[in-house]
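As structure tokens, the structure follows; a few thoughts come after it.
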Amino acid sequence: MSENKKIPIYVLTFGMTLALSAFLGTMDLQSSIHISHNLGTISLSILYGCGLLICLFVTPLLLCNLGVKRTLLLGEVGFLVFTLGNFYSGLATMIPGSIIGSMGESLFWPAGISYVNHVFNEYQDSIPDDQKPQDNVKNVWFGRYFGVAKTSVIWGNLLAYAVLYAARKVGTHSMHNTTLTEFNYNTCGSNFCKVSKNAKGNHAYNPKSKTSVYIL
Numbered sequence: 001m002s003e004n005k006k007i008p009i010y011v012l013t014f015g016m017t018l019a020l021s022a023f024l025g026t027m028d029l030q031s032s033i034h035i036s037h038n039l040g041t042i043s044l045s046i047l048y049g050c051g052l053l054i055c056l057f058v059t060p061l062l063l064c065n066l067g068v069k070r071t072l073l074l075g076e077v078g079f080l081v082f083t084l085g086n087f088y089s090g091l092a093t094m095i096p097g098s099i100i101g102s103m104g105e106s107l108f109w110p111a112g113i114s115y116v117n118h119v120f121n122e123y124q125d126s127i128p129d130d131q132k133p134q135d136n137v138k139n140v141w142f143g144r145y146f147g148v149a150k151t152s153v154i155w156g157n158l159l160a161y162a163v164l165y166a167a168r169k170v171g172t173h174s175m176h177n178t179t180l181t182e183f184n185y186n187t188c189g190s191n192f193c194k195v196s197k198n199a200k201g202n203h204a205y206n207p208k209s210k211t212s213v214y215i216l
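Once you know that position 203 of the sequence shown is 203 in full-length UniProt numbering, the rest is easy, because the numbers rise by one and skip nothing.
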């Protein structure tokens, strides 16, 4: 594939990686930064539930009627609305934000695949038959596209770690001076409850300040 035809795929892959890194980094922390009234868990449930319905019934219609580029733009709007809802978290902001935010991945992934396929087909139509690339060339480009875009999970979690944990000042008490037997392991795993008496002393999931949440 010529370099001119590769540029749109490069731009799409880079932009999608940035957008998903920010979105997934925020989404993965919902149950930790919005503990009150299970707001984070509820918003995630709505996000995934509405996303499933949009994938099944809305995305095909939008791709056929609006085209790939406009569908990608709507996916970006979904990411933006969900992110804005996290600035002033509450039922009035997070629930509508999750419903609209479910458009993000539901539209982004199918539209991105369609765009890569469209660019490759345009390239094939522009060259003589004897110079057409083999079928596995398309598979190679899809593999590169997904390989880079899927690293957004890594970048998003690294950013979240850097903001919420790595930047914290180490207190006077280190883990080496902590007696592990003092910790009640009955509150670990599926039994963990942030509002329970035994878990209140564990600040591992508490953001340092609202500023750190806004940075995300």
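All C-beta atoms in this analysis are idealised placements derived from N, C-alpha and C, irrespective of residue type, glycine included.
Residue i (DSSP reduced to helix, strand or coil)
{"i": "Gly90", "result": "coil"}
{"i": "Ser21", "result": "helix"}
{"i": "Ser102", "result": "coil"}
{"i": "Asp125", "result": "helix"}
{"i": "Lys69", "result": "helix"}
{"i": "Thr26", "result": "helix"}
{"i": "Lys5", "result": "helix"}
{"i": "Ile35", "result": "coil"}
Residue i burial status per 10 Å Cβ neighbour count (16 or more: buried)
{"i": "Ser43", "result": "buried"}
{"i": "Phe23", "result": "buried"}
{"i": "Gly90", "result": "exposed"}
{"i": "Phe87", "result": "exposed"}
{"i": "Ala162", "result": "exposed"}
{"i": "Leu56", "result": "exposed"}
{"i": "Leu12", "result": "buried"}
{"i": "Ile99", "result": "buried"}
{"i": "Leu164", "result": "buried"}
{"i": "Ser21", "result": "buried"}
{"i": "Val68", "result": "buried"}
{"i": "Val81", "result": "buried"}
Other residues of its chain near residue i: CB distance less than 7 Å, five sequence neighbours each side excluded
{"i": "Ile59", "result": "Looking at the sequence provided, one finds Thr at residue 59 rather than Ile. So the list reads Ser106, Leu107, Pro110, once near-sequence residues are dropped."}
{"i": "Val153", "result": "Leu24"}
{"i": "Val148", "result": "Thr13, Thr17"}
Pick from the options that is closest to residue i, judged by C-alpha positions
{"i": "Gly51", "options": "Ser31, Gly75, Ser126", "result": "Gly75"}
{"i": "residue 281", "options": "Ser102, Tyr145, Glu122, Ile9", "result": "Here the chain comprises residues numbered 1 to 216, so residue 281 is not present and cannot be evaluated."}
{"i": "Gly78", "options": "Met27, Phe146, Leu159", "result": "Met27"}
{"i": "Val116", "options": "Trp155, Gly143, Thr93", "result": "Gly143"}
{"i": "Tyr10", "options": "His118, Tyr145, Ile54", "result": "Tyr145"}
{"i": "Ile54", "options": "Ala160, Ile215, Gly104", "result": "Gly104"}
{"i": "Val137", "options": "Asn65, Thr83, Phe120", "result": "Phe120"}
Nonlocal neighbours in the same chain, by C-beta distance under 6 Å from residue i, ignoring five residues either side
{"i": "Gly40", "result": "Gln30, Ser31, His34"}
{"i": "Ser174", "result": "Summary for Ser174: the model assigns pLDDT 46, below 50, so the residue's position carries little reliability; its value from the coordinates is reported in the next sentence. Excluding positions up to five away in sequence, the list is empty."}
{"i": "Ala19", "result": "Phe79"}
{"i": "Lys85", "result": "According to the sequence as given, residue 85 is Gly; it is not Lys. Here the set comprises Thr93, Met94, Gly97."}
Nonlocal neighbours in the same chain, by C-beta distance under 8 Å from residue i, ignoring five residues either side
{"i": "Leu63", "result": "Thr71, Pro110, Ala111, Ser114"}
{"i": "Ile95", "result": "Ile42, Ser43, Ile46"}
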